[in-house]
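From first to last, the protein sequence lines are chains F and X. At position 34 of the first sequence the residue is numbered 78 (my numbering), and the sequence of numbers has no breaks. At position 78 of the second sequence the residue is numbered 642 (my numbering), and the sequence of numbers has no breaks. Notes for the one structure printed next.
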Amino acid sequence: DTGVSQNPRHKITKRGQNVTFRCDPISEHNRLYWYRQTLGQGPEFLTYFQNEAQLEKSRLLSDRFSAERPKGSFSTLEIQRTEQGDSAMYLCASGRRAAGHEKLFFGSGTQLSVL
Amino acid sequence: DAKTTQPTSMDCAEGRAANLPCNHSTISGNEYVYWYRQIHSQGPQYIIHGLKNNETNEMASLIITEDRKSSTLILPHATLRDTAVYYCIVRPTDNYGQNFVFGPGTRLSVLP
């Protein structure tokens with residue numbers, strides 16, 4: 045596995061600005077997940093794609109958040125009109141299913157700071 | 565909400581075995597137990613998973629009680645690089661999406 049790549053690693057923005065993060069999954073994985081993690085907490089599920097289809101969204105994903113996965117390859121997560129409460133680590137994972145179970149492989153995340 | 569409970573933190577001496585417990589008393593028959601760990605500033609890393617039988621791989625061993633209501637992750641010879649937050653997760657087979665629910669995990673500190 046060549047690994048899940050996320051860019052940028054860090055993003056500092058002012059409140060009210062829009063930001064976009066990119067995730068490049070492991071190439072043969074057809075499932076892609078976005079999670080958010082705040083200090084001292086475990087990752088929280090945001091949304092999930094199978095190929096290009098967005099199949100599930102958490103109630104944490106407000107209407108300011110949108111995720112896409114065109115052509116079932118890389119994915120982007122956009123946050124519009126950022127708020128200070130959006131400050132968190134945003135993690136992407138891709139999944140490989142085998143024998144009824146699934147392993148997730150995570151990227152190193154994008155750390156967002158909203159000033 | 566996570567379906568597991570874990571101690572908040574644990575210490576282990578370098579070179580000794582680290583035994584991390586997890587309680588999953590409401591586990592269903594079709595749910596796997598997964599363990600992940602997260603080293604500071606990195607994303608979580610898969611360690612091991614199991615259904616009923618004990619499992620071992622190059623990273624760790626997983627001991628699941630006969631009633632499946634609890635499990636223990638064993639790092640046989642802990643090193644300083646094993647210092648991390650360890651997450652125990654239960655998840656149905658052949659199910660996706662939200663069912664990877666991470667709790668706060670156990671913060672393991674391996675001491676020299």
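All C-beta atoms in this analysis are idealised placements derived from N, C-alpha and C, irrespective of residue type, glycine included. Fair warning: this is a prediction, and the values are worked out from it, not measured in the lab.
- For residue 102 (chain F), there is no enclosing beta strand (DSSP E), as DSSP gives it neither H nor E.
- Here residue 109 (chain F) is bridged, per DSSP, to F:123.
- Chain order gives the chain F residues near residue 606 (chain X) as 152, where near means a beta carbon separation below 7 Å.
- Restricting attention to F:124, F:102, F:138, the CA atom closest to the CA of residue 118 (chain F) is found in F:138.
- 596: these are the residues of the stretch 586 to 599 of chain X whose beta carbon lies less than 7 Å from some beta carbon of chain F, given in chain order.
- Across the set F:122, F:69, F:143, the C-alpha of F:69 shows the shortest separation from the C-alpha of residue 48 (chain F).
- Residue 145 (chain F) is bridged by DSSP to F:142.
- By the Cβ criterion, the stretch 635 to 642 of chain X is in contact with the stretch 567 to 581 of chain X, since at least three pairs of Cβ atoms, one from each stretch, lie closer than 8 Å.
- Chain order gives the chain F residues near residue 657 (chain X) as 144, 145, where near means a beta carbon separation below 8 Å.
- Boundaries of the beta strand (DSSP E) harbouring residue 55 (chain F): 54 to 57, taken from the DSSP string.
- Using a Cβ-Cβ distance cut-off of 8 Å, the stretch 61 to 79 of chain F and the stretch 121 to 136 of chain F are in contact, since at least three pairs of beta carbons, one from each stretch, lie closer than that value.
- DSSP, read as helix, strand or coil, puts residue 609 (chain X) in strand.
- With 16 or more neighbouring CB atoms inside 10 Å of its own CB, residue 613 (chain X) falls in the buried class.
- Setting aside the 5 residues that flank it on each side, residue 77 (chain F) is surrounded in the same chain by 92, 137, each with a C-beta closer than 6 Å to its C-beta; the list follows chain order.
- Looking from the CA of residue 90 (chain F), the closest CA among F:56, F:84, F:106 belongs to F:106.
- Non-local beta-carbon contacts of residue 53 (chain F) in its own chain, meaning distances under 8 Å to residues more than five positions away in sequence, involve 152, 153, 154, 155 in chain order.
- C-alpha of residue 635 (chain X) to C-alpha of residue 59 (chain F): approximately 44 Å in a straight line.
- Contact between residue 598 (chain X) and residue 655 (chain X) is confirmed by a C-beta separation of about 6 Å, below the 8 Å threshold.
- Ranked by Cα distance from residue 633 (chain X), the options X:583, X:673, X:596, X:676 are led by X:596.
- For residue 614 (chain X), the secondary structure class from DSSP, reduced to helix, strand or coil, is strand.
- Against chain F, a Cβ distance below 8 Å from residue 668 (chain X) picks out 84, 85, 86.
- Each of F:144, F:132, F:74, F:104 was checked against the Cα of residue 159 (chain F), and the nearest Cα belongs to F:132.
- Sequence-distant partners of residue 55 (chain F) (beyond 5 residues in either direction) whose C-beta falls short of 8 Å from its own C-beta, in its chain, are 63, 65, 154, 155, 156, 157.
- Taking all protein chains shown into account, residue 588 (chain X) has 16 or more neighbouring C-beta atoms within 10 Å of its C-beta and is therefore buried.
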